[in-house]
Structure formats: structure tokens, C-alpha cells
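Asker: Sharing a structure here in C-alpha cells format.
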């Protein structure tokens, strides 16, 4: 489901880059008490991420696109049964509020990033492609 057209921006990061950063942080005495915000090297909209994953899986994504306000009208209507659906799909209002917000690393004074650790994060789209290829092979072999 897309909220507000999936325009919210994301900066996904590869787990291996996080592990590398944590290892470096733990080895540096000067990192004690420091704050690190770690984000990937690319910025995508939520919709772009879903399309990229779909394209790599050779599946066209299917979207239900609501404005947040329209969704809340449906959610709060007396005939809705969203509680059952909310157990398996992230369509709870609290999750949707987060889907509307950009989640990006913005350089702030006193907050360190990958750059301060001399790490260049991998491009997330390569990892997504590799994962999708692995999934396709797994499904093909098991079918």
C-alpha cells in the first residue's frame, strides 16, 4: 500500500555496512559517547524502492494508493475490519504516519556518519538485485 503516492524518501543501508561501522566504532577510543547516524549512499522514494524490487523479481508491483486522510476515513468507518488486516499488513495508523515521513541522514553538528568512519556505503540497489536474484533461483529450484 502506498500512502500519498509513496513520495516519502528513504536512505536504506546494507547490513554489512552497519556491521563494519559498529566494528570500527568499537575499536576507536574516541567514539565513546558519540552519536552515529548511518544511512545508505542513495536516496529513493518508497515507490521507487517497491518498483525496483518488483522489477528485479520480474513482477509488476500492484499498489493501492491512498492519501493519508482518505485512508483514515476508511479506517475509522464503522464498517471497517482493519484490525484483522493490521496483523499481517502494515496498515495501522502509526505505521502509516511513519510511511509519510522522509527517513534520511542529515548532517548535524555533533552527529557522526559513515563519512566520519571512512566508510563508503555500498549502493543498496546492488544488494537488492542480488537478493532478488537469489530469491528467484530459490523459488525456481524448489518448484
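Residue numbers (my numbering): 601 to 743.
Built from N, CA and C at the ideal position, the CB exists for glycine as well.
1) Leaving aside the five residues before and after residue 668 along the sequence, list all residues of the same chain whose C-beta is less than 7 Å from its C-beta, in chain order.
2) Quick one: what's got a C-beta closer than 8 Å to residue 736's C-beta in the same chain, skipping five residues either side?
3) Since I believe residue 711 is in contact with residue 630 (beta carbons under 8 Å), could you give me their beta-carbon distance rounded to a whole number of angstroms?
4) Rounded to whole angstroms, what's the CA-CA distance from residue 664 to residue 708? Just pull it up for me.
5) Return helix, strand or coil for residue 739, following the three-state DSSP convention.
6) Nearest CA to the CA of residue 642: which residue from 651, 720, 662, 620?
7) Is it the case that the Cβ atoms of residue 704 and residue 611 are separated by a distance below 8 Å?
Answerer: Looking at the atomic coordinates:
1) Counting from one through the chain shown, the residue named residue 668 turns up at place 68. The residues 603, 604, 696, 700, in chain order, have a CB closer than 7 Å to that of residue 668 in the same chain once the five nearest residues on each side in sequence are set aside.
2) Start at 1 with the first residue of the chain shown, and residue 736 comes out as number 136. Result list for residue 736: 657, 658, in chain order.
3) One-based indexing of the chain shown puts residue 630 at position 30. One-based indexing of the chain shown puts residue 711 at position 111. Not quite, the Cβ-Cβ distance comes to about 15 Å (not below 8 Å), so this is no contact.
4) Residue 664 sits at position 64 when you count from the first residue of the chain shown. Residue 708 sits at position 108 when you count from the first residue of the chain shown. The C-alpha of residue 708 is placed about 36 Å away from the C-alpha of residue 664.
5) The residue labelled residue 739 in the question sits at position 139 within the chain shown. In the structure shown, residue 739 sits in a helix (DSSP, three-state: H, G or I).
6) Sequence index remark: in the chain shown, residue 642 carries index 42 (1-based). Of the candidates 651, 720, 662, 620, the one whose C-alpha sits nearest the C-alpha of residue 642 is 720.
7) The residue you call residue 704 lines up with position 104 of the chain shown. The residue you call residue 611 lines up with position 11 of the chain shown. Result yes, Cβ atoms of residue 704 and residue 611 sit closer than 8 Å.
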